[in-house]
Amino acid sequence: MGSPDSIRAFSDEFAKSNVELHGLINNAGALFQQEKRTDDGSELSMVVAMGGSYLLTGLMLPLLSKATPKGRVINVSSGGQYLVGLDAADLAGKSRTGANYDGAAAYSYAKRAQVELTKVWADKTHDSGVVFHVMHPVWSLTPGVSSP
């Protein structure tokens, strides 16, 4: 979900399959202890969780709106998103770098942005009939959280 080209290739192949799409679950997330950035300088946790799900959802929306009944999108977030507010001025996380980088915080910002994106999609696509949900599955002790 961190590669727009890969997402577009998947979407193209899926569309060619002529399979009716009833649901899309965006469950991608990445918590990096070491700072990782894309070529344009964007923080990779944000690119994976928010950017990837935004692109994939946008590409799949025409298929979801053709489904009978209309499709559903579920964005899987994290309770970590409750720890931060939306930093709309710095979605790419460019101010959180070097000594200011915290992998858990970057993950939390990415999941907060994903929650807000779900609201935007729901408003923007209301007339399409596609329904959007966001959910937090459960607190779990993952390697990313348990690492120092």
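Going by this note's numbering, the first residue of the sequence shown is number 20, and it counts up by one from there.
Each residue gets a CB set at the ideal place from its N, CA and C atoms; glycine is no exception.
Check for me: the alpha helix (DSSP H) holding residue i runs from which residue to which?
i: residue 29; result: 23-35
i: residue 38; result: Unbroken run through residue 38: none, as it is neither H nor E.
i: residue 138; result: 122-143
i: residue 116; result: Note, residue 116: premise wrong, no alpha helix (DSSP H); not H, not E.
i: residue 84; result: 71-85
Does the distance from the CB of residue i to the CB of residue j come in under 8 Å?
i: residue 64; j: residue 155; result: no
i: residue 84; j: residue 102; result: no
i: residue 21; j: residue 129; result: no
i: residue 144; j: residue 50; result: no
Need the endpoints of the beta strand (DSSP E) that residue i sits in, please.
i: residue 91; result: 91-95
i: residue 150; result: 150-154
Just to confirm my understanding: we take residue i, look at its own chain, exclude 5 residues before and 5 after, and list those with CB closer than 8 Å. What are they?
i: residue 136; result: 69, 72, 73, 94
i: residue 82; result: 33, 34, 39, 40, 90
i: residue 109; result: 115
From the options, pick the residue whose C-alpha is nearest to that of residue i; which is it?
i: residue 66; options: 118, 83, 151, 26; result: 26
i: residue 172; options: 49, 59, 76, 126; result: Nothing can be reported for residue 172: it is not among the residues displayed for the chain, which extend from 20 to 167.
i: residue 86; options: 43, 100, 50, 117; result: 43
i: residue 52; options: 122, 28, 116; result: 122
i: residue 138; options: 120, 109, 92; result: 92
i: residue 10; options: 78, 134, 37, 104; result: The question about residue 10 has no answer here: the residues shown for the chain are numbered 20 through 167.
Grab me the residues of residue i's own chain with a C-beta within less than 7 Å of its C-beta, minus the 5 sequence neighbours each way, in chain order.
i: residue 60; result: 111, 113
i: residue 120; result: 54
i: residue 116; result: 54
i: residue 134; result: 96, 100, 153
i: residue 106; result: 128
i: residue 56; result: 62, 63
Assign residue i to one of two classes, buried (16 or more other C-beta atoms within 10 Å of its C-beta) or exposed (fewer than that).
i: residue 149; result: buried
i: residue 125; result: buried
i: residue 132; result: buried
i: residue 45; result: buried
Cutting at 6 Å between CB atoms, please list the residues of its own chain near residue i, excluding the five before and the five after it.
i: residue 147; result: 84
I want to see whether chain D comes within less than 8 Å of residue i, judged by CB atoms only; does it?
i: residue 23; result: The chain inventory of the structure shown lacks chain D, comprising one protein chain alone.
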